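Peer 1: Heads up: the sequence lines are chains Z and G, in that order. All residue numbers in the first sequence are consecutive under the working numbering, ending with 482. All residue numbers in the second sequence are consecutive under the working numbering, ending with 482. One structure coming up, written as C-alpha cells, with questions to follow.
Protein chains: 2
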Amino acid sequence: MKLFSVHFSHVQFPFILCGSLFILAVAKLGFHRAAYLSSIFPESCLLIVVGVFLSLVVHWTGAHNDFVFHPTTFFLYLLPPIMLEAAFCLHDRAVWENLGTILVFACLGTVLNTFIIAPVLFLFNDAGAFGPLAQFGFAQCLLFAALISAVDPVAVLAIFEEINVNSALYFLVFGESLLNDAVTVVLYRMMEVFVVMPQILPKEIFKGFCSFFIVSFGGVLIGLGFGAFTSYLTRFTNHVRVVEPLIVFSGAYFSYLSAECFEMSGIISIICCGIVISQYAFANISRKSHTVVVCCSKLVSSTCDCVIFLFLGMELTEFISSLVTGSQKVNLSFVLSSLLLCLLARFFIVVLFSYLLNMGRVRKISRQEQFIMGYGGLRGAVCFSLVKLLDPHTVPEKNTMMTATLCIIFFTVFVQGISMKPLVRALKIKMKEKKEPTMNEAINSNLLDHVMSGVEEVILGGHKGGSSVANHVTSVGLVGGM
Amino acid sequence: MKLFSVHFSHVQFPFILCGSLFILAVAKLGFHRAAYLSSIFPESCLLIVVGVFLSLVVHWTGAHNDFVFHPTTFFLYLLPPIMLEAAFCLHDRAVWENLGTILVFACLGTVLNTFIIAPVLFLFNDAGAFGPLAQFGFAQCLLFAALISAVDPVAVLAIFEEINVNSALYFLVFGESLLNDAVTVVLYRMMEVFVVMPQILPKEIFKGFCSFFIVSFGGVLIGLGFGAFTSYLTRFTNHVRVVEPLIVFSGAYFSYLSAECFEMSGIISIICCGIVISQYAFANISRKSHTVVVCCSKLVSSTCDCVIFLFLGMELTEFISSLVTGSQKVNLSFVLSSLLLCLLARFFIVVLFSYLLNMGRVRKISRQEQFIMGYGGLRGAVCFSLVKLLDPHTVPEKNTMMTATLCIIFFTVFVQGISMKPLVRALKIKMKEKKEPTMNEAINSNLLDHVMSGVEEVILGGHKGGSSVANHVTSVGLVGGM
Chain Z
1 MKLFSVHFSH
11 VQFPFILCGS
21 LFILAVAKLG
31 FHRAAYLSSI
41 FPESCLLIVV
51 GVFLSLVVHW
61 TGAHNDFVFH
71 PTTFFLYLLP
81 PIMLEAAFCL
91 HDRAVWENLG
101 TILVFACLGT
111 VLNTFIIAPV
121 LFLFNDAGAF
131 GPLAQFGFAQ
141 CLLFAALISA
151 VDPVAVLAIF
161 EEINVNSALY
171 FLVFGESLLN
181 DAVTVVLYRM
191 MEVFVVMPQI
201 LPKEIFKGFC
211 SFFIVSFGGV
221 LIGLGFGAFT
231 SYLTRFTNHV
241 RVVEPLIVFS
251 GAYFSYLSAE
261 CFEMSGIISI
271 ICCGIVISQY
281 AFANISRKSH
291 TVVVCCSKLV
301 SSTCDCVIFL
311 FLGMELTEFI
321 SSLVTGSQKV
331 NLSFVLSSLL
341 LCLLARFFIV
351 VLFSYLLNMG
361 RVRKISRQEQ
371 FIMGYGGLRG
381 AVCFSLVKLL
391 DPHTVPEKNT
401 MMTATLCIIF
411 FTVFVQGISM
421 KPLVRALKIK
431 MKEKKEPTMN
441 EAINSNLLDH
451 VMSGVEEVIL
461 GGHKGGSSVA
471 NHVTSVGLVG
481 GM
Chain G
1 MKLFSVHFSH
11 VQFPFILCGS
21 LFILAVAKLG
31 FHRAAYLSSI
41 FPESCLLIVV
51 GVFLSLVVHW
61 TGAHNDFVFH
71 PTTFFLYLLP
81 PIMLEAAFCL
91 HDRAVWENLG
101 TILVFACLGT
111 VLNTFIIAPV
121 LFLFNDAGAF
131 GPLAQFGFAQ
141 CLLFAALISA
151 VDPVAVLAIF
161 EEINVNSALY
171 FLVFGESLLN
181 DAVTVVLYRM
191 MEVFVVMPQI
201 LPKEIFKGFC
211 SFFIVSFGGV
221 LIGLGFGAFT
231 SYLTRFTNHV
241 RVVEPLIVFS
251 GAYFSYLSAE
261 CFEMSGIISI
271 ICCGIVISQY
281 AFANISRKSH
291 TVVVCCSKLV
301 SSTCDCVIFL
311 FLGMELTEFI
321 SSLVTGSQKV
331 NLSFVLSSLL
341 LCLLARFFIV
351 VLFSYLLNMG
361 RVRKISRQEQ
371 FIMGYGGLRG
381 AVCFSLVKLL
391 DPHTVPEKNT
401 MMTATLCIIF
411 FTVFVQGISM
421 KPLVRALKIK
431 MKEKKEPTMN
441 EAINSNLLDH
451 VMSGVEEVIL
461 GGHKGGSSVA
471 NHVTSVGLVG
481 GM
C-alpha cells in the first residue's frame, strides 16, 4: 500500500479541460487589465493564443487524442448554448425593422456567394492555377464554395460584441449569420449529393430548392412548437419554481436536437424557440428563475465560445506543426484565391444588395456601413466543422480545402478582427447609444421593480396567509412610495 | 437527394439525455402539483421511477450501451457540483458548533461500523448462512463492509432537504456524510490491497492509519489553497466581472480534480474550497456574479442529483430484468443480513457515541434525534460506484455484493425515505425555525441592500465620471431614506 501516489490518467480529460478554463479565465483577467492589449486585440485572438499553448501542454501529457475538434461535439454541444443566448438577446426593435434585409442577405446573399465563388474557382483550376495535380471538379468547387460562403455567428458575435456599432448594423451582420444556417445546410447537402452523382439533373436542383423551405420552415415550426409548449408549461410552475430553469433549458435544447434529428435547421429552431421563450415563458417564471436562466445561459455560452476558440488554437498548432514537419503542403494559390474570392464576392454582394434594398428602405444603409458589412463577413468554426465532415473518398482535395478554410478563419480572427475597431473608428460609423437613465427614469424603474415584486409576493403570499400579505404591502408602500 | 429523412443515431445520446431531463422536469411539476403524492413520497422515489421508464425507452431505442452508470462519470462529473453546492450552504452556525461531534461520527463511526459489519458477516459465512458456494474471505468481508459503511451525502441531501428537521440534527447527519469520505476512501483502498495480500502485516495497518491523515489533510490543504488563490484572484476582477463565475467554478472544480489526481479526498477538498470561496470570494465579486454562481451551482447540482437517481432507476430495471430472466440469482440471506447489520450497527454506534458525546455537549442529542440519526444513515450512489469498481478477479463475489448494495440503496430510498417524514412527525422532532422577518427587520435589510448596492455603484461609477456618482447617491439617498 502506497502512502502517496499520483494517478493522473483517470482525471486527465476533465483536469486538462478545467485547468485550461481556469488559465483562460486568468488570462482574460490579465488581458483586460492590460488596457493597451485589449484595446488593440479582440478577445478571440487571446483565446486562440491560449489554445496554442494548451495544445503544447496536451501534446506533452500525451492526451492529444482526447482533445481533437470533432464536428459532432461542435454542432451538438458547443453551438446550441451560444445560439440560445443569442436568441434571448434578439428582442431588439432593430431586428424586426431590418428582418427583410437580413433575410435577403442570409438567403439570396449566401446562394449568390456560392455561385460566384464556385465557377471562378473552377475556372482558375481549369487554367492550371492550383497546380497540375489538383483535382477540383465543378461539384467539388460548389461544395467548397457552399461551406465557405456562410458567415459564422460565433465569429461575428466574438468580434462585433466588442466594437459596439449601432444596433441596426450589428443585427444586419449578426442576423444574417444566424439565419443563413438553413441555406448553408441545404447547399452543403445538395453539393454533397452532386459530388457523387454522375450528372446533375434539373429535378435534383428543384428538390434542393424545395428542401430549403422544408429545412428552414421545419426548423421554425419545431422551434415555435417547443417554445410554445415550454411557455405553456411555465404557467403551472408557480409552486415549483425550482424546475423552471430546467424546463426552459431542456425545452430549448430539445428543440435543437429534434430539428437536427429530422435533418432540419437546428440553429433556426433553437432561435425561434428562444424568442418565444423570452417573450412568453419569461413572463411566467419568477424573477429569480429568470435571472438564473439568463445568467446561466450567458455563462455557458461564453464558456462554449471560449472552448471553440481554444480548439481553433489547437488546430492552428496542429497546422503549423504539420507545415514544419512537411507532412502537409499548402496549396498557396488555392488558399489565396479562395480568400480573395471570399472577400470580393462578399463586398460585391453587399454593395449590390444594399443598392437594391436601399430603394425600399427608410433608413438607408450608408456606404460606410456597407463596407463594415462586407468586411464583417467573418468565417469561423461552422465552416471548419463542415469541411472536417467531408468524406475524403468522394472529395480527394479535402486536405487542401481544410487548409484553405483554416487560413480564412485565422485571417478572419486576426486580420479582420484586429482591424475592425480602427476601421469602424476611421469610417465614423454611428456607435451604439449608451444612455445613462435620467434620474426620473431611474426612480420610475426602481419604483416599478418594487411594485412588481410586491405584487408578485402578494399574489403568492395570498395562498399562505394574510399576515405576510399585509407585511409586504406595507413594505412595498414604504419603499415604493419613497 | 431526399426531401425528408430522419437521422436519429447521431443525436441519440444528447437527445435521450435532454429528453429525459425534460420529461423529468414535467414529472416533477406534476408530482408537486399532486400535493397528495408529494406529501407521502420523497422526490428521489419519483426520480427512480422515471429512471425505470427511461431505461425501457433506452432499451427500445437500442442505446443502452451509452446509458450505463459508470463510477468514473459519477465521481468526476456528477458528484463535484453537488458537493460544491453543499459547501456553499455550510455557513451555518450549527455546523461549527457541532463540528467535533460530526467528525467523531464521520471518522470513528465509519471505522467502527466497518469493523462491526465485517466480522459478523464473516462469522455468518463461516456458519454457512450464505450457502455452501459462497466465497467470502475475511478481507472480502472487510472490503464490502468498508464500502457499505459510508453514509451517502447525495441520498441524505435528497431525503433530509424535504423534511426540514432542525439544523443541528440536519448537519449532524449531513456533515457526517460529507466528511466520512476520507475514511471511506482510505478503508476501501486498504481493503482492496488486503484482498490480494497473502497476509496482513501490522505495518500495512499502520500505513493505512497514516494514509488517512494524508488523504484527509491533503484534501483540506488542496481545497484551502485553491480556495485562497481563487479568492485572491477575485480581488482583481472589478473591471472584468464576466470572468468571475468562470474563475470560481473552474477553481473549485480544479481543487476537486487535483485532490483526486493525488489520490486524496476530492470531496473534502472541494468542500474546503467552497467554504473559503463563500467566505472570501463572494465578498469580492459583484452581486450579479454572486447570483450567477449561487444559482448556477444550484441548477447544475440539482440536475446532477436527478441524473444520479435516474441512473439508479435504470440499474433497478436492469436488476429486475436479470432476476426475471434468471441470469442473476440473489443471495437472499446475504442481502438481508447485510441490510440488517447496516441498520443495527448504525443504531448501536449512534447510541453509543451520543451517550459518550452528550457528556461533553451543552446541547444534548435527545433520544428521538438519536433515532433519526440512526435511521437517517442512508446509503446511495457512492457505495454503488465503489462496488462497481471492484475487480471480479480478486473479488469473486462481486455480483453478490452488488446485488446487496443495490437492495440496501433501494431500501434506503423507498422504505427509509418514505417513512422518514411520518417518523419525524411521530417523534416530535424539533423542526427548522421558519421565522417571517418582522417589519423592522425587513425594512432594515431592504435599506442595507440598497445602501450596499449604492456604495458599490459609487465605488465603481467613480472610475467613470462624476455625474453617474451624483445620480446614484441621490437615488440611494431617496430609496434608502424612504
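Ideal placement from N, C-alpha and C gives every residue a C-beta, glycine not left out. Please read these numbers as outputs of a predicted model, since none were measured by experiment.
Can you list, in chain order, the residues of its chain with a C-beta nearer than 8 angstroms to that of Ala488 of chain G? Leave out the 5 residues immediately preceding and following it.
Peer 2: Lying outside 1 to 482, the shown extent of chain G, residue 488 of chain G is not represented and no answer is given.
Peer 1: What residue range does the alpha helix (DSSP H) around Gly251 of chain G cover?
Peer 2: 244–261
Peer 1: Output yes if chain Z places a C-beta closer than 8 angstroms to the C-beta of Lys329 of chain G; else output no.
Peer 2: No, Lys329 of chain G lies away from the interface with chain Z (no Cβ there is under 8 angstroms from its Cβ).
Peer 1: Mind checking which residues open and close the alpha helix (DSSP H) that includes Tyr232 of chain Z?
Peer 2: That run of the alpha helix (DSSP H) goes 202–233.
Peer 1: Please report the straight-line C-alpha distance between Ile365 of chain Z and Ile429 of chain Z, rounded to a whole angstrom.
Peer 2: 11 angstroms
Peer 1: Within 8 angstroms, do at least three Cβ pairs link the region 205–214 of chain Z to the region 238–258 of chain Z?
Peer 2: no
Peer 1: Looking at Gly51 of chain Z: is its Cβ nearer than 8 angstroms to the Cβ of Leu310 of chain Z?
Peer 2: Yes, the Cβ-Cβ distance between Gly51 of chain Z and Leu310 of chain Z is below 8 angstroms.
Peer 1: Nearest chain G C-beta to Ala106 of chain Z closer than 8 angstroms, yes or no?
Peer 2: no
Peer 1: In whole angstroms, what is the alpha-carbon distance linking Gln12 of chain Z and Tyr77 of chain G?
Peer 2: 13 angstroms
Peer 1: Run down chain G in chain order and give the residues with a C-beta less than 7 angstroms from the C-beta of Lys432 of chain Z.
Peer 2: Result: empty, since nearest Cβ-Cβ is about 16 angstroms, beyond 7 angstroms.
Peer 1: Beta-carbon within less than 6 angstroms of Gly219 of chain G's beta-carbon, same chain only, minus the 5 sequence neighbours each way: which residues are those?
Peer 2: By the criterion of a C-beta distance shorter than 6 angstroms, Gly219 of chain G is surrounded in its chain by Ala259, Met264, Ser265, Ile268, Ser269, once the five residues flanking it on both sides are discounted.
Peer 1: From Leu386 of chain G to Pro71 of chain G, what distance separates their C-alpha atoms?
Peer 2: Rounded to the nearest whole angstrom, the CA to CA distance from Leu386 of chain G to Pro71 of chain G is 7 angstroms.
Peer 1: Under a three-way DSSP split, which group does Val68 of chain G fall into?
Peer 2: In this structure, Val68 of chain G counts as coil in the three-state DSSP scheme.
Peer 1: If you draw a straight line from the C-alpha of Phe8 of chain G to the C-alpha of Leu17 of chain G, how long is it?
Peer 2: 13 angstroms
Peer 1: Which residue or residues does DSSP assign as beta-bridge partners of Val165 of chain G?
Peer 2: G:Met431
Peer 1: For Val243 of chain Z, which residues in chain G fall below 7 angstroms Cβ to Cβ?
Peer 2: Ala25, Lys28, Leu29
Peer 1: If you draw a straight line from the C-alpha of Pro81 of chain G to the C-alpha of Phe22 of chain Z, how long is it?
Peer 2: 16 angstroms
Peer 1: Along chain Z, which residues have their Cβ under 8 angstroms away from the Cβ of Arg33 of chain G?
Peer 2: Phe236, His239, Val240
Peer 1: Could you have a look at Asp59 of chain Z and say whether DSSP puts it in helix, strand or coil?
Peer 2: Asp is not the amino acid found at residue 59 of chain Z; the sequence shown has His there. Helix, per DSSP.
Peer 1: How long is the line joining the alpha carbons of Leu280 of chain Z and Leu179 of chain G, rounded to whole angstroms?
Peer 2: Going by the sequence as given, residue 280 of chain Z is Tyr instead of Leu. If I take the Cα positions, the gap works out to 45 angstroms.
Peer 1: Measuring from the CB of His91 of chain G, is there a heavy atom of the ligand PLP at a distance below 7 angstroms?
Peer 2: No copy of the ligand PLP occurs in the structure displayed, which carries no ligand at all.
Peer 1: Counting only the same chain and skipping the five closest in sequence on each side, list residues whose C-beta sits under 7 angstroms from that of Ala182 of chain Z.
Peer 2: Phe212, Val215, Ser216, Gly219, Ser265, Ile268
Peer 1: For Thr412 of chain Z, which residues from the same chain have a beta carbon less than 7 angstroms from its beta carbon, with the 5 sequence-adjacent residues on both sides left out?
Peer 2: So the list reads Ala155, Leu378, Arg379, Gly380, once near-sequence residues are dropped.
Peer 1: Can you look up Lys421 of chain G in the DSSP assignment and give me helix, strand or coil?
Peer 2: If DSSP states are grouped into helix, strand and coil, Lys421 of chain G belongs with the helices.
Peer 1: When you compare the CB of Gly477 of chain Z with every CB in chain G, is at least one pair closer than 8 angstroms?
Peer 2: Unreliable positioning characterises Gly477 of chain Z in this predicted model, as indicated by a pLDDT of 38, which lies under 50. The coordinate reading is nonetheless provided below. It does not: the Cβ of Gly477 of chain Z has no partner Cβ on chain G nearer than 8 angstroms.
Peer 1: Mind listing the chain G neighbours of Phe254 of chain Z? Cutoff is C-beta to C-beta under 7 angstroms, in chain order.
Peer 2: Cys18, Gly19, Phe22
Peer 1: Pick from G:Gly417, G:Val185, G:Met314, G:Glu433: whose alpha carbon is nearest that of Asn166 of chain G?
Peer 2: Of the listed residues, the one whose Cα sits closest to Asn166 of chain G is G:Glu433.
Peer 1: Taking 7 angstroms as the limit between beta carbons, can you name the residues of its chain near Asn41 of chain G, skipping five residues before and five after?
Peer 2: Note that residue 41 of chain G is Phe in the sequence shown, not Asn. Once the five neighbours on either side are set aside, the close Cβ partners of Phe41 of chain G are Ile418.
Peer 1: What is the DSSP secondary structure of Gln328 of chain Z, counted as helix, strand or coil?
Peer 2: coil
Peer 1: How long is the line joining the alpha carbons of Phe74 of chain Z and Leu341 of chain Z, rounded to whole angstroms?
Peer 2: 27 angstroms
Peer 1: According to DSSP, is Ile285 of chain Z helix, strand or coil?
Peer 2: coil
Peer 1: Going along the region 184–209 of chain Z in order, which residues come within less than 8 angstroms of chain G, judged by CB to CB distance?
Peer 2: For the region 184–209 of chain Z, the residues whose beta carbon sits under 8 angstroms from a beta carbon of chain G are, in order, Arg189, Met190, Val193, Glu204, Lys207, Gly208.
Peer 1: Would you verify that the beta carbon of Phe115 of chain G is, or is not, closer than 8 angstroms to some beta carbon of chain Z?
Peer 2: Under the Cβ distance rule, Phe115 of chain G does not count among the residues neighbouring chain Z, no pair being separated by less than 8 angstroms.
Peer 1: Taking just the CA atoms, how far does Asn446 of chain G sit from Ser468 of chain G?
Peer 2: Its pLDDT being 38, under 50, Ser468 of chain G is placed unreliably by the model, and the measurement read from it follows with that caveat. Distance between the alpha carbons of Ser468 of chain G and Asn446 of chain G is about 22 angstroms.
Peer 1: Compare the C-alpha of Gln140 of chain Z against each of Z:Ser453, Z:Val104, Z:Leu390 and name the closest.
Peer 2: Z:Leu390
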